[in-house]
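Everything below concerns the one structure shown next.
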Amino acid sequence: MERTIIVGGGHGGAQAAVSLRQEGYEGEIVLVSDEAHLPYHKPPLSKTFLKAGGAAQLLRPESFYTDNAVELKLETRVAEIDRRAGLVRCDDGAAIEFSSLILATGASARRPPIAGADLENVFVLRNMSDAERMRAEADDASEIVIIGGGFIGLELAHTLVGLGKQVKVVEMGQRLLARSVAPVISAYVLDRLFAADIDVRLGAEVRGLEQAGARAAAVTLAGGERLGADMVVLGTGAVPSTGLAEAAGLAVDNGIVVDHAMRTADPRIFALGDVASFTHWQWQKPARLECVQNANDQARHAAKAITGKETDYRDVSWFWSDQGSTKLQMAGLSMASDRTILSGSPENDDLAVYHFDRDRLVCVETVNRPGEHMLARRLLAAGITPSEADIADGKDALKALLGGPAQGRSA
Amino acid sequence: MAEAIAIIFESAEGVRHEVAARLGASLMEAALMNNVPGIEAECGGSCICATCHVYCDQVADIVGAPSDEEDDMLDLAAADRRAASRLSCQIKVTSALAGAIIQLPARQY
Ligand SMILES: Cc1cc2nc3c(=O)[nH]c(=O)nc-3n(C[C@H](O)[C@H](O)[C@H](O)COP(=O)(O)OP(=O)(O)OC[C@H]3O[C@@H](n4cnc5c(N)ncnc54)[C@H](O)[C@@H]3O)c2cc1C
Ligand code: FES
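Top line first, the protein sequences correspond to chains A and B.
Take 199 as the starting number for the first sequence in the numbering used here and just add one per residue.
Take 402 as the starting number for the second sequence in the numbering used here and just add one per residue.
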């Protein structure tokens with residue numbers, strides 16, 4: 199019997215169910231998620247959700263799953279993959295056989311080895327229940343310290359300041375987002391935080407959390423400084439949820455290792471999204487990406503492979519982050535970059551950084567230029583490298599490079 | 402239950418889906434929450450993915466022109482841009498749209 203089991207109901211898992219049906223898959227589909235909610239959008243959790251309140255923004259309505267014969271098992275954890283028997287065991291005791299298995303288990307918060315990190319007013323933000331708890335606690339908090347200056351931590355800093363809180367960010371590195379963006383963007387992001395009255399400490403090492411009963415009362419820094427806090431957020435990154443795969447003997451190396459079609463070494467088993475490690479076409483090295491685009495596109499590829507229409511995963515990666523009212527967007531991969539060209543200026547709140555690997559365009563970071571971001575995705579998909587003059591001339595010149603009306607996949 | 406109006410989404414092949422669109426929601430949400438195929442909305446309505454492209458020929462005056470930002474995005478949507486192209490996440494459902502026919506492009510990505 200044909201049955202695909204999808205483990206994880208996040209962006210990738212839900213898209214896999216959608217794409218399987220779009221590709222004409224006629225077997226059973228079972229989507230197992232340990233969360234209580236129907237699959238929902240994660241990006242708003244650090245942006246609008248804390249402010250606007252309300253419910254989760256669903257990826258698809260409940261009727262989608264019934265209309266498309268996708269069996270949803272919510273609040274259920276897959277506890278084990280039995281590859282010999284070709285089945286998964288769930289924590290509710292069910293054993294379900296599969297002909298194909300998709301692991302879309304995502305990533306969970308990295309908890310740094312800081313004394314006191316498990317106190318009751320210390321939070322992480324990975325899912326809706328984290329966000330709901332944080333929202334409840336934030337109501338009464340006035341001083342909040344965020345440990346770690348990554349995208350999610352910085353978005354939260356802006357959101358919490360918008361709620362009238364005093365916010366401090368403690369970052370170990372000498373600049374923000376050091377592994378993700380060019381120095382000029384890091385500097386701009388820092389500037390926006392300062393402009394929003396957010397206190398940012400760079401090169402600051404956390405010694406521990408000062409405890410008062412079951413709660414943290416302050417974050418203490420290696421230099422001895424004490425930052426009072428009635429709420430602490432750990433924004434210290436995420437680790438891929440590879441436990442199931444590892445226990446099943448699948449290769450794991452900073453993520454579940456998959457090929458160009460998202461397949462593991464076991465031809466029935468696929469992995470995608472935040473949890474998957476794959477050789478990136480732009481970089482030719484193993485990469486693991488944490489963004490909505492990657493989860494969605496990899497899900498589309500896995501669905502194609504399962505329905506016998508295998509293709510290479512060669513999509514252009516893209517990502518966005520709202521830093522307060524600033525729209526930061528990235529297209530492509532900056533890891534391979536050895537040269538950059540700047541366009542626009544931080545003073546005008548309008549800039550772009552073009553990254554090159556020798557003479558090839560590999561990544562474009564934009565600030566408040568959503569149209570240019572779309573252009574960059576197109577250029578990267580088409581393998582077109584603009585000249586310095588094209589970049590200086592701006593959108594129209596770049597558009598001209600693409601020639602004619604839109605053709606083929608956008609990105 | 403908020404008030405709703407009827408909106409008709411028509412696919413590139415001419416297949417029509419009539420949905421009950423909640424007033425105040427976006428056209429994108431109206432399509433997605435009623436399982437109209439042909440809208441992807443990867444960014445969830447942030448005006449940055451252009452996978453919620455629609456043609457509003459029949460109600461162009463009512464929905465009006467896109468913002469500069471949306472205008473840039475429309476130029477680069479996967480399907481051809483037309484005079485009445487809009488991103489459906491940027492259009493609010495109002496009673497003026499009752500019975501409107503909104504056309505969907507052949508592709509969103
Ligand atoms: C607060 C926040 C803000 C973000 N903002 C952006 C943004 O602005 N732009 C962007 O591109 N990306 C953003 N991201 C990243 C993006 O959400 C992820 O890259 C994306 O969700 C990855 O999809 P996924 O399916 O791989 O994993 P997830 O969406 O994380 O889904 C994995 C699911 O699997 C479940 N699961 C794990 N193990 C099991 C098991 N054994 N049994 C059953 N279920 C299991 C988990 O509970 C989870 O629900 C953000 C992430 C967060 C947390
Ligand atoms: S949903 Fe992404 S631009 Fe409309």
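Even glycine gets a Cβ: it sits at the ideal position worked out from N, Cα and C.
If you keep only unbroken beta strand (DSSP E) runs of at least 3 residues inside the segment 475-557 of chain A, you get 516-521, 524-530, 537-543 and 548-555.
In the three-state reduction of the DSSP assignment, LEU236(A) falls in the coil class. Residue state for ALA212(A) is assigned as helix, using DSSP reduced to three classes.
When VAL230(A), MET370(A) and GLY360(A) are compared, the shortest CA-CA separation from ALA393(A) is found for GLY360(A). If you check each beta-carbon in the segment 477-498 of chain A against every beta-carbon of chain B, the ones closer than 8 Å belong to VAL490, GLN491 and ASN494. Listed in chain order, the beta strand (DSSP E) elements of length 3 or more contained wholly in the segment 264-319 of chain A are 268-271, 276-280, 285-288, 293-295, 298-301 and 305-307. The CB of GLY581(A) never comes closer than 8 Å to any CB in chain B; the least such distance is about 17 Å. Not one heavy atom of ligand 2 is found less than 7 Å from the C-beta of GLU430(B).
With a cutoff of 8 Å on beta-carbon distance, GLY304(A) and GLY426(A) are scored as not near each other. Taking 8 Å as the cut-off, the beta carbon of VAL562(A) is found closer than this to the beta carbon of GLY530(A).
For ILE582(A), no pairing in a beta bridge is given by DSSP.
Within chain B, GLY445 have C-beta atoms less than 7 Å from the C-beta of PRO242(A), given in sequence order. Taken in chain order, the members of the segment 251-276 of chain A whose beta-carbon sits within less than 9 Å of a beta-carbon on chain B are GLN255, LEU256, LEU257, ARG258, PRO259, SER261, PHE262, ASP265 and ASN266.
The chain-ordered list of residues whose CB is nearer than 5 Å to some heavy atom of ligand 2 reads ALA442(B), CYS444(B), GLY446(B), CYS448(B), CYS450(B), CYS453(B), LEU488(B) and CYS490(B). With a beta-carbon spacing of about 5 Å, VAL387(A) and LEU374(A) fall inside the 8 Å limit used to define contacts.
In the structure shown, the three-state DSSP call for TYR386(A) is helix. Straight across, the Cα-Cα distance linking HIS571(A) with THR564(A) is about 6 Å. Within chain A, no C-beta atom comes less than 7 Å from the C-beta of GLU414(B); the nearest is roughly 15 Å away. Contact annotation for ILE406(B) against chain A: no contact, minimum CB-CB distance about 18 Å [criterion: below 8 Å]. Taking C-alpha positions only, GLN509(B) is separated from ALA315(A) by approximately 44 Å. At a cut-off of 8 Å, the C-beta of ALA451(B) has a neighbouring C-beta in chain A.
Taking 8 Å as the threshold, the shortest C-beta distance from LEU218(A) to chain B does not fall below it. Relative to ligand 1, GLU488(A) has its C-beta within less than 7 Å of a heavy atom.
Counting only the Cα atoms, TRP479(A) lies some 25 Å from ALA480(B). Note on the segment 357-426 of chain A: whole alpha helix (DSSP H) runs with a minimum of 4 residues are 381-393, in chain order.
Under DSSP, ALA469(A) forms a beta bridge with LEU301(A).
For SER327(A), the enclosing alpha helix (DSSP H) begins and ends at 326-336.
Taken atom to atom, the span from the alpha-carbon of PRO484(A) to that of GLY425(B) is near 45 Å.
Taking the Cβ atoms as the reference, SER535(A) lies roughly 7 Å from PHE554(A), within the contact range of under 8 Å. Shown here for ASP290(A): same chain residues with a beta carbon closer than 7 Å to its own, the five before and five after excluded, namely THR274 in chain order. Judged by beta-carbon spacing, ASN319(A) lies within the 8 Å limit of MET429(A), meaning their Cβ atoms are closer than that value.
In this structure, DSSP gives ARG258(A) a state outside helix and strand, which the three-state scheme calls coil.
In this chain, the alpha helix (DSSP H) harbouring LEU428(B) covers 428-433.
For the segment 557-570 of chain A, the residues whose beta carbon sits under 7 Å from a beta carbon of chain B are, in order, PRO568 and GLY569. DSSP places CYS561(A) within a strand segment (E or B) once states are collapsed to three. Here ALA451(B) has MET474 and ALA478 as same chain residues with Cβ atoms under 6 Å from its own Cβ, once five neighbours each way along the sequence are excluded.
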